[in-house]
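Asker: Taking our numbering, the leading residue of the sequence shown gets 698, the next gets one more, and so forth.
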Amino acid sequence: MNYKNKPLHINTLVPNGTYEVTISITAHEDITFTILSQSRRFMVQDASLKKNEKKDYRFNVSVCDYHKNHENYTSVNGVNLDIVCDGNFSAVSAVSPSVIPVIYIAGDSTVTDQPAEYPYNPSATYCGWGQMLPQFLNTGIAVENHAQSGSTTADFLKVNFTAFSDKIKPGDFLIVEFGHNDQKLPELDAFGGYTENLKRFINFAREKGAVPIISSPINRIIFRQDGTLLNLLGDYRKAVQNICAEMEVSFIDLWSRTTEFFEAAGPVKAWDYFWSNGTERDYTHTNDIGGNIIARFAADEIIKNNIQPIADLIKKDIISVTMPEKKLDTYTQNTKELEHLKTIGLVNIPQALALTDIDKDITSI
């Protein structure tokens, strides 16, 4: 059976905890496949096997309850696996308890585990970078992503945090990335409520014996006429930098990494990394292609900060990113092309678009 249109689902009932999972896959024809866990976290992506070839894949999975804003507390009672494949294969899985550190993630839509529709289209599928991170880690650590679309630092501290605040333990990590929604509320301005809430995350993690890691928000792809990105989140990046320096916390600068990358790509190519269904486009939310790129940036930032033991567990041979070759875009010298790009929102914010409406509402997906 071909599992490209509907993944093969495997569920193993186990309580909250961390587990080592082994999947043995046998190809009955040449195949390419992706292994997902829990709420579409990427454990293995685009692996290939030849006909009659068999291979074991081993990784760690965290099973943890979650509590989303405006939703009831949800109990999670198993390791859930999905295998998306373009051909015929058979699979056998084994799950065993494994006491290892956990990377807990707090964040918004740009970080969260986003669902997908099938048949699978990576360009038209929303993706937070947190769900792409597990595939870049060797065994010995697990990722538990509690980020939620539409969330602010205040929302998360009141609601989402309750699902794992009693589970985080010495040796664990807490990665925090917010900004896109905070900036829409005056009480969560960069150097006010936002800063104070990030300090609450840091202090809580340290009280639990865990290691806090704070990331600046990724940038939106709203281009100005000179080919640079409009700086809507620069103050939030600066606030994170200030907090990390003051409290001696590792600073993951995804704002700078994404700004550099998407400006190099330019206002047309940059859309390849953000959600699009062919007619509609999104300024803020990456697709699976973009989420993969940003997760590689996050992994590289962890290595640069020498955050142990995560840095030593990263698969360094598969996280490199080829920067786009920056060229002088023809639209800067072509009035007709420039006017066309403005009409479809590639250059400058459409005049009627207010800051509060700039991000596509995907909280219901």
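Cβ coordinates follow ideal geometry from the N, Cα and C atoms, glycine included.
Please read all numbers here as calculations on a predicted model, not as lab measurements.
#1: What does DSSP give as the partner residue(s) for Val792 in the beta ladder?
#2: By alpha-carbon positions, which one of Glu874, Glu726 and Thr731 ends up nearest to Gln845?
#3: If contact is defined by three or more beta carbon pairs under 8 Å, each pair taking one atom from either stretch, is the segment 754–769 in contact with the segment 810–817?
#4: In the DSSP assignment, find the alpha helix (DSSP H) that holds Lys748 and state where it starts and stops.
#5: Taking the DSSP output, what are the residues bridged to Cys782?
#6: Return the residue from the list Pro712, Ser736, Phe786 and Thr731 that minimises the CA-CA distance to Ile1062.
#7: Going by beta carbon distance, what residues of the same chain come within less than 7 Å of Asp997, once the five residues before and after it are set aside?
#8: Please give me, in chain order, every unbroken run of the beta strand (DSSP E) with length at least 3 that falls completely inside the segment 965–1034.
#9: Using the Cα positions of Phe786 and Asp985, report the straight-line distance between them to the nearest angstrom.
#10: In chain order, what residues of the same chain lie with their CB nearer than 6 Å to the CB of Asp779, ignoring the 5 residues before and after it?
#11: Sort Gly714, Leu834, Ala744 and Gly784 by Cα distance to Val756 and report the nearest one.
#12: Are the CB atoms of Lys701 and Asp727 within a distance shorter than 8 Å?
#13: What did DSSP end up calling Asp1056 once you bin it into helix, strand or coil?
#14: Inspect the beta-carbon positions of Gly1068 and Thr731 and report whether they are closer than 8 Å.
#15: Looking only at DSSP bridge pairs, what is Ile1062 linked to?
#16: Taking the CB atoms as reference points, tell me whether Asn1002 and Ser947 lie closer together than 8 Å.
#17: Might you give, ordered along the chain, the residues of its own chain that have their beta carbon closer than 6 Å to the beta carbon of Tyr754, omitting 5 neighbours on each side?
#18: For the candidate residues Ile918, Val718 and Gly714, whose alpha-carbon lies nearest to that of Tyr673?
#19: Considering just the uninterrupted stretch of the alpha helix (DSSP H) at Val937, what are its terminal residues?
Answerer: The relevant details are as follows:
#1: BP columns for Val792 point to Val718.
#2: Glu874
#3: no
#4: Note, Lys748: premise wrong, no alpha helix (DSSP H); not H, not E.
#5: Phe730
#6: Ser736
#7: Cβ-Cβ distances below 7 Å link Asp997 to Ile1016 in the same chain, with the five nearest sequence neighbours on each side left out; the list follows chain order.
#8: 971–973 and 978–983
#9: Each residue's CA atom was taken as its position, placing Phe786 and Asp985 some 24 Å apart.
#10: Pro704, His706 and Leu733
#11: The question names Val, but residue 756 in the sequence shown is Phe. Here the closest residue by C-alpha is Leu834.
#12: In this structure, Asp727 lies away from Lys701, with their beta-carbon atoms at least 8 Å apart.
#13: coil
#14: The chain is shown from 698 up to 1062; residue 1068 falls before or after that span and cannot be answered.
#15: DSSP lists no partner for Ile1062.
#16: In this structure, the beta-carbon distance from Asn1002 to Ser947 falls below 8 Å.
#17: Closer than 6 Å at the Cβ level, and outside the excluded window around Tyr754, lie Ile720 and Val741.
#18: Here the chain comprises residues numbered 698 to 1062, so residue 673 is not present and cannot be evaluated.
#19: Element bounds for Val937: Gly931 to Met944.
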